[in-house]
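>
Residue numbers (the numbering used here): 638 to 997.
#1: Give me the Cβ distance between residue 717 and residue 684, rounded to the nearest whole Å; I'm assuming they're in contact under 8 Å.
#2: Tell me whether residue 730 is buried or exposed, calling it buried when 16 or more other Cβ atoms sit within 10 Å of its Cβ.
#3: Within 10 Å of its beta-carbon, does residue 759 have 16 or more other beta-carbons around it, so buried, or fewer, so exposed?
#4: Kindly confirm or deny that the region 741-748 and the region 806-825 touch, where touching means at least three C-beta pairs closer than 8 Å.
#5: Report back the beta-carbon spacing between residue 795 and residue 701 to the nearest angstrom; my notes put them in contact at under 8 Å.
#6: Can you tell me the Cβ-Cβ gap for residue 713 and residue 778, rounded? I've got them flagged as a contact below 8 Å.
#7: Can you tell me whether residue 895 is buried or exposed? The criterion is at least 16 other CB atoms within 10 Å of its CB, across all chains shown.
#8: Measure how close the beta-carbons of residue 720 and residue 792 come, nearest whole angstrom, since I'm counting them as under 8 Å.
#9: Verify whether the separation of the beta carbon atoms of residue 705 and residue 643 is less than 9 Å.
#10: Please give me, in chain order, every unbroken run of the beta strand (DSSP E) with length at least 3 that falls completely inside the region 734-821.
#11: Verify whether the separation of the beta carbon atoms of residue 886 and residue 921 is less than 9 Å.
#12: Which parts of the region 941-976 are runs of the alpha helix (DSSP H), unbroken and 4 residues or longer, counting only runs that do not cross its ends?
#13: Run through the DSSP bridge pairs and tell me what residue 866 is partnered with.
#14: Would you tell me roughly how many angstroms separate the C-alpha atoms of residue 740 and residue 872, rounded to the nearest one?
#15: Using CA atoms only, rank isn't needed, just tell me which of 727, 703, 723 is closest to residue 711.
#16: By alpha-carbon positions, which one of 897, 806, 944 ends up nearest to residue 757?
#17: Would you say the region 957-973 touches the region 929-937, given that touching needs at least three Cβ pairs under 8 Å?
#18: Which term fits residue 813, buried or exposed, when burial requires 16 or more other beta carbons within 10 angstroms of its beta carbon?
#19: Just reading off the beta strand (DSSP E) that residue 643 is part of, what are its end residues?
#20: Would you kindly check if the distance between the Cβ of residue 715 and the Cβ of residue 753 is under 9 Å?
#21: Looking only at C-alpha atoms, which of 962, 919, 736 sits nearest to residue 940?
#22: Return the chain-ordered list of same chain residues with a C-beta closer than 7 Å to the C-beta of residue 874, the five sequence neighbours on each side being excluded.
#23: Just checking my contact of residue 689 with residue 786 at CB under 8 Å: how many whole Å lie between their CB atoms?
#24: Going by the beta-carbon positions, is the gap between residue 693 and residue 667 smaller than 9 Å?
#25: On a CA-only basis, which of 762, 841, 709 is nearest residue 803? Give me that one, please.
#26: For residue 860, does the count of other Cβ atoms within 10 angstroms reach 16, so buried, or fall short, so exposed?
#27: Let me confirm a value: residue 835 is counted as buried when at least 16 other C-beta atoms fall within 10 Å, else exposed. Which label applies?
#28: From the DSSP output, in three-state form, read off residue 937 for me.
#29: Can you give me the C-alpha to C-alpha distance between residue 682 and residue 735, rounded to a whole angstrom?
#30: With distances taken Cα to Cα, identify the nearest neighbour of residue 678 among 788, 799, 817.
#31: Return the residue from the list 699, 738, 737, 755 that minimises the CA-CA distance to residue 723.
So, in C-alpha cells, the structure goes:
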C-alpha cells in the first residue's frame, strides 16, 4: 500500500447560525495560515465556529495514479486551545457538499500544539473514493474535494496551525484482478484486465469480490485478520442500560473478545460498542482489503468461493457444476482448517498485548 500527503491550496469559511468566523494570525491570509506547519494560525474564540473549508489538495493530481484504488483517508489537524475545545463536526466535501461520515472526536484539544488524526488508513469515511475523474464516485483529485471542519469552545481560543490530508491507496488492482482471474480459470473462463470493464466477467467479478471477501473474513477467525486495540470514547451517548459508548475501529468486521474478560458488551448502530467498563480493549476481525496481506490459505479459499459464485452466471450450471462444487468445497474446507484459529483462548487465560494499537 502506498500513501501520499498534501496541504490544501484553497480555504474559506461558511457561516453557521450562532457561530463565529475564523480569523488568521501571523499570516496574510486564511489559506497561508493552515497550509504549512509554521506557527501561523487560523483562530476562533466563539462558542461554535463557522465551517473551515479546505479544498484543492493539488499535490494529489500528479501524485496518485489514475488506476489507484483508494482504501483509506486521514485528515491531520495540527492545533491547540487556550481553553476547552472539542471537534463539532468534520466531514469530507465534494462539489460544494459535505459528504460521508462525521469523523469528529470527543477528546478535548490540548494547550500544547498537537496533531489530531481523523479517519484512518482503511477508512473511506463511508464513501467510494477514486483517483479517476471518469468514474461515478468521489474523485480525490478534483479541485472541489476537501474537508470541512467546525469546533466548539467552552472559553478560550481554538488555533489551527495546519490541515493536511493523507490518502492511502493500492498502486494498481493487479492483485485483486489476479484473484479474480484465478477464479475464472477454475471454471474455464478467459481472464479480465479490469474490474471496471463492461463485459459479463468483469461486471460479475466486481459485483461479487468484495462481499465474498468480507463474508469469508467473518465466517472464521483468520490469523492475519486478528487485531487488538484500545477503544476510543464515542460522541454518541451510551444506549439505555450501558455506561460507556466507544467508536468501533474503522476496519471492524466482527468482535472476538473484549477486555476486561468479565465485561459484557453490545454492538450498536452507528459503528459503536456499548459496555460498562471505563477502559475497554477489543480483539476483533479486521476488514483486510489489501490482497498482499492475505494468507495463502485465505487466498485459496477466496478463489474457490469466488469461482463458485461465478459459475452459475457465466457457465451452464448443468455442465459439471456438481463435480466442481465438490472439488471447491473440499479445497475451501482444507484452507479454512489450515489458516484459521480453531480454539480461542479462554477469558481467564487470555493475555493482552501491552502496546495495543488500532490497525487502519
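A virtual CB, placed ideally from N, CA and C, is assigned to each residue, including glycine. Model, not experiment: these values are computed from the prediction.
Looking at the atomic coordinates:
#1: Their Cβ separation, rounded to whole angstroms, is 18 Å, which puts residue 717 and residue 684 out of contact at 8 Å.
#2: That one is buried.
#3: Residue 759 comes out buried.
#4: The way I'd put it, the region 741-748 doesn't touch the region 806-825; fewer than three beta-carbon pairs between them come closer than 8 Å.
#5: The beta carbons of residue 795 and residue 701 sit about 31 Å from each other, so the pair does not count as a contact at 8 Å.
#6: Wrong, their Cβ atoms sit about 19 Å apart, outside the cutoff.
#7: Classification for residue 895: buried.
#8: Correct: roughly 4 Å between the Cβ atoms.
#9: No; because the gap between Cβ atoms is not below 9 Å, this pair is not in contact.
#10: The region 734-821 contains these whole beta strand (DSSP E) runs: 734-736, 751-757, 783-790, 795-807.
#11: Cβ distance < 9 Å, so residue 886 and residue 921 count as in contact.
#12: Runs of the alpha helix (DSSP H) inside the region 941-976: 958-976.
#13: Looking at the DSSP assignment, residue 866 forms a beta bridge with 919.
#14: The alpha-carbon separation between residue 740 and residue 872 amounts to approximately 10 Å.
#15: Minimum Cα distance to residue 711 is reached at 727.
#16: It is 806 whose Cα lies nearest to the Cα of residue 757.
#17: Yes, the region 957-973 touches the region 929-937.
#18: Classification of residue 813: buried, given that the 10 Å Cβ count is 16 or more.
#19: First-last of the beta strand (DSSP E) with residue 643: 639-643.
#20: Using a Cβ distance threshold of 9 Å, residue 753 and residue 715 count as a contacting pair.
#21: Looking at the Cα atoms, 962 is the closest of the given residues.
#22: Excluding positions up to five away in sequence, the list reads 882.
#23: Between the beta-carbon of residue 689 and that of residue 786 there is about 4 Å, and that keeps the pair under the 8 Å contact cut.
#24: The answer is no: Cβ separation not under 9 Å.
#25: For the residues 762, 841, 709, the minimum Cα distance to residue 803 belongs to 709.
#26: By the 10 Å Cβ count, residue 860 comes out exposed.
#27: Here residue 835 is exposed, its C-beta having fewer than 16 other C-beta atoms within 10 Å.
#28: It is helical.
#29: A direct Cα-Cα distance of roughly 24 Å separates residue 682 from residue 735.
#30: Of the listed residues, the one whose Cα sits closest to residue 678 is 799.
#31: Closest option to residue 723, Cα to Cα, is 755.
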